[in-house]
Structure formats: C-alpha cells, structure tokens
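*Asks:* Order-wise, the sequence lines are chains A and B.
Going by our numbering, the first sequence runs without a break in its numbering and finishes at 286.
Going by our numbering, the second sequence runs without a break in its numbering and finishes at 1718.
We put the CB at the ideal spot given by N, CA and C, even for glycine.
A single structure is presented below for examination.
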Amino acid sequence: MSAQDFTPPQGDKMGVNWIGLYTIVRRDVQRMLRVPIQVFIAPWSSALLMIFVFGYVLGGTMRTIGGHKYIEFVMPGVLMMNIITAAFLQSSSAIYFSRFIRFVEEMLVAPLSYLEMVVGSLSTVVLRATFTGIGILIIGLCFGATTIESWPMFIFWIVAVSIIFGLAGILIGLWSKSFEQLNMPVVFFLTPLSMLGGSFFTMKMLPDWLHWILWANPFFYFINGIRGAMIGVDEAPQGLSIALTLLMIAGLGGLVWRLFSRGYGLRE
Amino acid sequence: MSTPALKVTNLRKVYRKGTVAVDDLSLTVPQGEFFGFLGPNGAGKSTTIHCITGIANPTGGTIEIFGLDAVKNYREARRLVGLCPQEFNVDPFAKPADIVDWAGGYFGMNRAQRKSRVDYLMERFELTPHLKKTFRELSGGLKRRVVLARALVHDPKLIILDEPTAGVDVELRRVLWNYLTEINQDGRTILLTSHYLEEVERLCRQIAIVNKGKVVREGTKSEMAATPGSLERAYLVATGAEPDHVAGQ
C-alpha cells in the first residue's frame, strides 16, 4: 500500500474560518446580482412611487408635522418599509432556495461553524438593505426630502432592523416547505404591520382608542427610531425603541442559533 | 497500526417518521484503502455517508475520521473529507468554476490556492470549454464532472463517492477511474458506492455489503469473489436476493 500514515494534529482547533465566511457573503452577493431588477430596481421604483404620490402629491396639500413637510415625515417610513422587506426576502429566499435545491449541503459538509453560516448570511442581508436604503435616500434627495439629523443613529437603525428581519427571514426560510409558505409572512405580517406602523401617519392622527395599534406594533418602534435619526421627530422614547430592538435581536438570534445547532430544516 | 481513515461504530439513524435507515452499522476503512460500499437501494449507504459528512445527524454510535470525532470535532474532521453526492446538490444558475471555487472557499483555501486548483480540475475533467455555461445548461455527464471537481477541490485525505458514475458515459467513467486510481496510489483513501459491480471489482480492494441498515458481509475483493464464486453472487447472497438466476446463466 502506498499510503503514508496520516494523523491529524490533535487539539488543532480551527479558529474562525474567515475565508469560509467571506465565501458565503461572496456567493450570496453573486446570487443577488443575478436578479438586480428584483433586488434593487423593484424597491427603488416602489419607493419612488410612494414618495411621489404620498409625499409630493398628497403631502403638498397637508400641514407640516413637527415643523417638517409631510414628504420629509413620510420618507423614513418608506425607507424602513423597503429595508424590512429587502432584509427579510434576502435571507428567507437564500435559505429556502439552498434547502430546496439542496446546495446548502455544500456548507454542511464544510468546516464552517453555525455562527459563521448565520453571520455570513446576515452580512449579505445588511449589504442588500444598505444598498436599497442608499438608493432610496438618493431618490429622496431628488424630492428634497432627505435629511439626516444623526448619522450614528441612522446607521444603527439600518443595521439593527436589517439584522432583525434577516434573522426572521432565516427562521421562515428554515420552516417553509413551499414557496407559498415562504411568501405568507410578507402578505400577512410585513406589509400590514409596516403600513400600520406609522409610516404615513402620526399617533395624533388616530383617535385615542386606536393608539394601541401603534404601541403593540414592533414596526412602530423601528419607524419611530429611524424617523428620530432622520428628522428628529419621535413619538416613542428612543431608549424604549432601542431596548426593544436589541431585545428582538437577542431573542431571534438565540432562536436561530438553537435551530442551526439542532440542524432544524438543514440536516436530515 | 495506523489510525483508520474512517471508523464507524454502532451507527444508528432513525428519521423523524420512525424509519430506521441505519441500524448498528460498524465499518473500518484503513488509510490508503479503496473501499467499496455496496448494497441495494434503500439499504442505508447514502444515509451512512450523510451521517459521516454532516448532512444527517446520527441518532447513535460514533464516527471517527482519522481519529477525529465527526460530531464533536466536526470542523476539524470535515477538513479531511470530500464528498461527491449521488444527487446534484448544486446552485443550478452558477457556473462550474464558481461552484468549485466557492467550495474551496468554504474549506478555507485562499484565492491563489483556489485559482490554481480550480484551473487544474477544470482542465483535468475537461470542463474548460464549458466555463461560460451555467450548471443547468450542462449535460448529465458534465454535471457529474463539476460535482466531482467540487469534492476534490481541497485535496481531501478521505474521498467519499456516492454512485459517482451513475448515468455517465463510458468516456467519463474511464477518465474518472484513471483519476481515482491515481489519487488512491498517491495515498488518498476512497470510499465508493456503486451499483456497477464491474466498477467495484476494477477499483476496490476491500468491500462491505450493507442491507437493511446493517453490514451483512465484509472482506477483500478476492475473498468475496472466491465465495460463492463471483462478486455478483456474493452480493446477491449477502443481500438475500435469489442467486439462482445468476447460477443459471
């Protein structure tokens, strides 16, 4: 036999597989760029229409809110709605498609930790959400609707909300057994909750007995947070919004971690 | 005695719906061996391979790859294994070189290592003229070549091939046989499952036959061929199939 005896070094624990992690991002970005119309043009054109119709046309007839034109008030909501959708669709479709075609097995057989897989997936989510957001900010600039009061908080909200919906997308991607199930959260949760989360109206525009619709809606805190960062108008305490957001990241992150380590939806 | 390339002890895999796919299966593949893993459809071959490579969670038993526990030290163990699966588990819209390059990346190979290895494998498996096509545009044989190249990109010490020549033409089969023989002579350990007994007879020195989730016979190729007379008869007897039609031929 020509084999030379091989003994792997014992206790040779791998550190972070940075190249593996970067490869996950590189692969997902390449996949994303195959469908630029779906990934970027669709949210940008939808944002353009919303800003034009709600902000420019209807908003022109409305009074100012907190000293800001209605178009400036609407802009953060439109931005957040699109970031939420982009983040959710990125991770849910990436995970579901890789399970459906089974090329997720490429990663399962590789020396990648669960954390590297999740972080790799979320990095692409943040990239997609950020580019979507930059495009919408540029559209807003064209309408004179883009103002940023606090860049650090603005970046915090973009990244934090991307992570929350990236994690939610991973959960749905792991759970779904059909494309129908994959799209259900967008139809039944994401769209209604973001529309009812104060994107286009303030709490004062609602009768008192309906205020609970905003307080009970987590999307309200995200929209409130980014609106505070952009135009300095907020209806809920920023501290509360930040605390709830971090809590959601911790909760969803823990759940995703647990499911990955059990191989739920991934391993046979 | 050197550490076995693969040691499976009392492996058991029960799926969620209660199907027992592998039941108390034990197997040892010495280093440098060309090992045939045979059995009828549904015998538990692919499930065993999935447990070894991390695609399935074992229900019980242990798996060691070059002495490393494949569950506890899964990252260190997986660095040493390359899997060519039975089914095409590939992004259908990706191009061959990207598919192989990504796999190299997952295994931690840097850009220069990947470039050199991908170029070599594309050339070796005659994929160079097809680099601009997506995976879904390739013929069945070319798809099989891409999946093989992907399994070999990180130059693994243990190569697991789950029916690698199923549905491929004679030309590729010969290219593959020559390549596998070459890398086995170079010291790589190979575990091969196949329904083509002539392929197993040509390539493998050690053989295990599995049926209903258990190893029902194990030995060298010559032992198998000697009793009861040919590998085919040994296989049919071990798996409980009626060997009369073979005897009558």
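Could you give the DSSP three-state label for His-86/A: helix, strand or coil?
*Replies:* Here residue 86/A refers to the residue found at position 68 of the first sequence. DSSP places His-86/A in strand when its eight states are reduced to three.
*Asks:* Could you work out which residues of chain A lie near Ala-1525/B, taking near to mean beta carbons separated by less than 8 Å?
*Replies:* Taking the second sequence and counting its residues from 1, the one referred to as residue 1525/B is at position 56. Within chain A, the residues near Ala-1525/B are Arg-285 and Glu-286.
*Asks:* Just the chain B side, please: which residues come within less than 8 Å of Val-127/A by C-beta, in chain order?
*Replies:* Residue numbering aside, residue 127/A sits at position 109 when the first sequence is read from its first letter. Within 8 Å Cβ-Cβ: Thr-1522, Gly-1523, Ile-1524, Arg-1547, Val-1550 and Leu-1552.
*Asks:* So is Lys-87/A in contact with chain B if we call contact Cβ pairs under 8 Å?
*Replies:* Mapped onto the first sequence, residue 87/A falls at position 69. False, the Cβ-Cβ gap to chain B never drops below 8 Å.
*Asks:* Which residue comes first and which comes last in the alpha helix (DSSP H) that contains Phe-1557/B?
*Replies:* As a working mapping, residue 1557/B is identified with position 88 in the second sequence. Premise fails: Phe-1557/B is in no alpha helix (DSSP H) and is neither H nor E.
*Asks:* Within 10 angstroms of the Cβ of Glu-90/A, are there 16 or more other Cβ atoms? Answer buried if so, exposed if not.
*Replies:* Counting from 1 along the first sequence, the entry for residue 90/A is found at position 72. So Glu-90/A counts as buried.
*Asks:* Taking Phe-1506/B as the query, report the chain A residues whose CB atoms sit under 9 Å from its CB, ordered along the chain.
*Replies:* On the second sequence, residue 1506/B is found 37 positions in, with the first residue counted as 1. Near Phe-1506/B there are no residues of chain A at all, since even the closest Cβ is about 17 Å away, more than 9 Å.
*Asks:* According to the neighbour-count rule (16 or more other Cβ atoms, all chains shown, within 10 Å of its Cβ), is Gly-191/A buried or exposed?
*Replies:* By 1-based counting over the first sequence, the position of residue 191/A is 173. Gly-191/A is buried by the Cβ-count criterion.
*Asks:* Measure the alpha-carbon distance for Asp-1538/B versus Ile-1521/B and round it to whole angstroms.
*Replies:* The residue given as residue 1538/B occupies position 69 in the second sequence. The residue given as residue 1521/B occupies position 52 in the second sequence. Distance between the alpha carbons of Asp-1538/B and Ile-1521/B: 10 Å.
*Asks:* For Thr-1531/B, report the span of its beta strand (DSSP E) as first-last.
*Replies:* As a position in the second sequence, residue 1531/B is number 62, starting the count at 1. Element bounds for Thr-1531/B: 1529 to 1534.
*Asks:* What's the C-alpha gap between Leu-1480/B and Gly-243/A?
*Replies:* To locate residue 1480/B, count along the second sequence from 1; it is residue 11. To locate residue 243/A, count along the first sequence from 1; it is residue 225. Approximately 53 Å, taken between the alpha carbons.
*Asks:* Can you list, in chain order, the residues of its chain whose CB lies under 7 Å from that of Ala-163/A, leaving out five sequence neighbours each side?
*Replies:* If you number the first sequence from 1, residue 163/A lands on position 145. The answer, listed in chain order, is Ile-69, Gly-73, Ile-89, Glu-90 and Met-93.
*Asks:* Residues of the region 1623 to 1645 of chain B with a CB closer than 7 Å to any CB of chain A: list them in chain order, please.
*Replies:* Cβ contacts with chain A come from Lys-1626.
*Asks:* Can you give me the C-alpha to C-alpha distance between Met-19/A and Gly-1536/B, rounded to a whole angstrom?
*Replies:* Along the first sequence, one-based indexing puts residue 19/A at 1. Along the second sequence, one-based indexing puts residue 1536/B at 67. Low per-residue confidence applies at Met-19/A: pLDDT is 43, beneath 50, and the placement is therefore not dependable, though the value from the model is reported in the following sentence. Distance between the alpha carbons of Met-19/A and Gly-1536/B is about 20 Å.
*Asks:* Let me know if Ala-234/A comes out buried or exposed under the rule of 16 or more other beta-carbons within 10 Å of its beta-carbon.
*Replies:* Sequence index remark: in the first sequence, residue 234/A carries index 216 (1-based). Exposed is the call here.
*Asks:* Just the C-alpha distance for Thr-41/A and Val-136/A, rounded to the nearest angstrom, thanks.
*Replies:* Counting from 1 along the first sequence, the entry for residue 41/A is found at position 23. Counting from 1 along the first sequence, the entry for residue 136/A is found at position 118. Straight-line Cα distance between these residues: approximately 13 Å.
*Asks:* Near Gly-246/A, what residues of its chain come up, given a Cβ to Cβ distance below 6 Å and the 5 sequence neighbours on each side ignored?
*Replies:* Walking along the first sequence from the start, residue 246/A turns up at place 228. Correct list, in chain order: Asp-252 and Gln-256.
*Asks:* Rounded to whole angstroms, how far is the Cβ of Ile-267/A from the Cβ of Ile-181/A, which I believe are closer than 8 Å?
*Replies:* Reading the first sequence from its first residue, position 249 is the one you call residue 267/A. Reading the first sequence from its first residue, position 163 is the one you call residue 181/A. That pair is a contact at about 6 Å.
*Asks:* Going by DSSP in three states, Ala-1710/B sits in which element: helix, strand or coil?
*Replies:* As a position in the second sequence, residue 1710/B is number 241, starting the count at 1. In this structure, Ala-1710/B counts as coil in the three-state DSSP scheme.
*Asks:* Would you say Ser-194/A reaches chain B, if we count a Cβ-Cβ gap shorter than 8 Å as a contact?
*Replies:* As a position in the first sequence, residue 194/A is number 176, starting the count at 1. Closer than 8 Å: no.
*Asks:* For chain B, find out if any of its Cβ atoms is closer than 8 Å to the Cβ of Asn-35/A; answer yes or no.
*Replies:* Here the question's residue 35/A lines up with position 17 in the first sequence. Chain B, which has a Cβ nearer than 8 Å to the Cβ of Asn-35/A, makes this yes.
*Asks:* Could you tell me whether the Cβ atoms of Ser-139/A and Ile-102/A are closer together than 8 Å?
*Replies:* Taking the first sequence and counting its residues from 1, the one referred to as residue 139/A is at position 121. Taking the first sequence and counting its residues from 1, the one referred to as residue 102/A is at position 84. Result no, Cβ atoms of Ser-139/A and Ile-102/A do not sit closer than 8 Å.
*Asks:* Identify, in the order they occur along the chain, each residue of the same chain with its Cβ nearer than 7 Å to the Cβ of Met-32/A, setting aside the five sequence neighbours on each side.
*Replies:* Taking the first residue of the first sequence as 1, we reach residue 32/A at position 14. Excluding sequence neighbours, Met-32/A sits near Pro-129.
*Asks:* Using the three-state DSSP reduction, which class does Val-177/A fall into: helix, strand or coil?
*Replies:* Numbered from its first residue, the first sequence carries residue 177/A at position 159. Reduced to three states, the DSSP call for Val-177/A is helix.
*Asks:* Should Asp-226/A be labelled buried (16 or more other beta-carbon atoms within 10 Å of its own) or exposed?
*Replies:* To locate residue 226/A, count along the first sequence from 1; it is residue 208. Asp-226/A is exposed by the Cβ-count criterion.
*Asks:* Might you give, ordered along the chain, the residues of its own chain that have their beta carbon closer than 8 Å to the beta carbon of Ala-1707/B, omitting 5 neighbours on each side?
*Replies:* What you label residue 1707/B is simply residue 238 of the second sequence in a count that begins at 1. Same-chain partners within the cutoff: Ile-1678, Asn-1680, Val-1685 and Arg-1686.
*Asks:* Please tell me whether Gly-281/A has its Cβ less than 8 Å away from any Cβ of chain B.
*Replies:* Here residue 281/A refers to the residue found at position 263 of the first sequence. Closer than 8 Å to some Cβ of chain B, the Cβ of Gly-281/A qualifies, so yes.
*Asks:* Just verifying my parser: in three-state terms, what is the DSSP assignment at Val-53/A?
*Replies:* Residue numbering aside, residue 53/A sits at position 35 when the first sequence is read from its first letter. Of the three classes helix, strand and coil, the one that applies to Val-53/A here is coil, per DSSP.
*Asks:* Answer yes if the region 1623 to 1637 of chain B comes into contact with the region 1651 to 1666 of chain B, meaning at least three C-beta pairs across the two stretches below 8 Å, and no otherwise.
*Replies:* The region 1651 to 1666 of chain B vs the region 1623 to 1637 of chain B: in contact.
*Asks:* When you compare the CB of Met-1578/B with every CB in chain A, is at least one pair closer than 8 Å?
*Replies:* Along the second sequence, one-based indexing puts residue 1578/B at 109. It does: the Cβ of Met-1578/B has a partner Cβ on chain A nearer than 8 Å.
*Asks:* Compare the beta carbon distance of Val-47/A and Leu-200/A with 8 Å and say whether it is the shorter of the two.
*Replies:* The count along the first sequence starts at 1 and reaches residue 47/A at position 29. The count along the first sequence starts at 1 and reaches residue 200/A at position 182. No, these two residues do not count as a Cβ contact at 8 Å.
*Asks:* Taking the alpha helix (DSSP H) that Glu-1545/B falls in, what are its first and last residues?
*Replies:* Within the second sequence, numbered from 1, the residue matching residue 1545/B stands at position 76. That run of the alpha helix (DSSP H) goes 1543 to 1547.
*Asks:* Based on the DSSP secondary-structure assignment, which residues constitute the bridge partners of Asp-1419/B?
*Replies:* Residue 1419/B lies beyond the stretch modelled for chain B, which goes from 1470 to 1718, so this question has no answer here.
*Asks:* With hydrogens ignored, establish whether the beta-carbon of His-1623/B is closer than 7 Å to any heavy atom of the ligand GDP.
*Replies:* With respect to small molecules bound, the structure shown includes none, and the ligand GDP cannot be examined in it.
*Asks:* Excluding five sequence neighbours on each side, which residues of the same chain lie with their C-beta closer than 7 Å to the C-beta of Glu-1668/B?
*Replies:* Here residue 1668/B is taken as the residue at index 199 of the second sequence, counted from 1. Answer for Glu-1668/B: Thr-1634, listed in chain order.
*Asks:* Less than 8 Å between the beta carbons of Ala-1618/B and Leu-1645/B, yes or no?
*Replies:* Looking up residue 1618/B in the second sequence gives position 149. Looking up residue 1645/B in the second sequence gives position 176. Result no, Cβ atoms of Ala-1618/B and Leu-1645/B do not sit closer than 8 Å.
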